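In UniProt numbering, the protein residues as written are 1 to 367. For glycine and all other residues, C-beta sits at the position ideal for the given N, C-alpha and C. A quick note: this is a predicted structure, and the numbers were derived from the prediction, not measured.
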């Protein structure tokens, strides 16, 4: 089986509390809007989170499908308008919890991830069996990496990569049990950070071998096997994930011009990232986290943040880290504090998650 060849990103989109498509999201982000607000969700006390303004009942009545399926369809619609699926089109779906709303209603089968993937594939006219990636908070980045490899292995000619998670009392209560929720909108990399704010979103990319503006130069995913919820204190897994991506790209670390970090605003995650980046000599590279705008959108986060990073590369504008005021990590980082006009060609996107998972992807703008 052959392996290799360039894989390109053609089109991308997202559906979030800040807008119904990538352009609307970009306008909101540049204007400095964030979606994190006090929310009353289910049986829980009020928490800071971001949420799309439709209830599952409204969505069911309007389109006859679950809330997350609706979100995913909205993210994918502009992609399908441009790219008609063929018998060699893959669908790779990333999600941590899928349609968790059905589980809370006692409809267990409807909550199964593969059932959701089959439903989305059928609606989109995709004839191949869908592929589900559910690997904690690295799911979105891993889905891109998996789709790239499947194309390089000639199993598919092109891929629709889709990711989404919805906010629920079930998920929020889990983070509450870890005492990981911030009592105010999250502040990635800040000295006063106190935990995550959760959110919901969906995002979509289209990949193929046909040349386009963006290409994936390298990717990697290494588990640090440190703890079920805590990251490695040395950043080993993330360090090796980035190193693997650099090796494939044949880049030195100095080639990276911008880092789209995971940046959850927990004490341990942001500290771990600072250590990993410094071990690679990346302390001076401009870096941001988008969690202050959207909250942590779980399985969608890596793909959503990749979409916004691609938009950033197109526009020649780097976004600040909303909520950041004063660096709070032991290692230096060049965290952006304001909108910065800067054209970048080579970027690094990272993600880390429960179970010691880490992933990295290197993207280059080639025209």
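Contact under 8 angstroms by Cβ, residue 367 with residue 272: no
Limits of the unbroken alpha helix (DSSP H) element including residue 78: 67-82
Reduced DSSP category for residue 171 - H, G, I as helix; E, B as strand; rest coil: helix
Given residue 287 as reference, the closest of 96, 172, 342 once Cα atoms are compared: 342
Contact set for residue 223: own chain, Cβ-Cβ below 8 angstroms, skip 5 residues either direction: 237, 355, 356, 357, 358
Closest Cα partner of residue 173 within the set 196, 153, 158, 157: 196
Run of the alpha helix (DSSP H) containing residue 308, from where it starts to where it stops: 301-315
Inter-stretch contact (C-beta, 8 angstroms, three-pair minimum) for the segment 202-209 and the segment 299-318: yes
C-alpha distance - residue 284 paired with residue 132, whole-angstrom precision: 36 angstroms
Which of helix, strand or coil DSSP assigns to residue 52: coil
Residue 265 to residue 334 span [Cα, whole Å]: 16 angstroms
Residue 217 and residue 9 closer than 8 angstroms at C-beta: no
Extent of the continuous beta strand (DSSP E) run through residue 11: 7-15
Separation of residue 247 from residue 45, as counted between CA atoms: 47 angstroms
Nearest candidate by alpha-carbon position, reference residue 74, set 19, 327, 107: 19
Residues near residue 23 in its chain [Cβ-Cβ closer than 7 angstroms; skip 5 each side]: none
Local Cβ density within 10 Å of residue 188, reported as buried at 16 or more and exposed below that: buried
Delimiting residues of the alpha helix (DSSP H) encompassing residue 252: No alpha helix (DSSP H) holds residue 252; DSSP gives it neither H nor E.
Boundaries of the alpha helix (DSSP H) in which residue 182 is found, first to last residue: Element bounds for residue 182: n/a, residue is neither H nor E.
Cut-off 7 angstroms between Cβ atoms - residues of its own chain near residue 43, not counting five sequence neighbours on either side: 169
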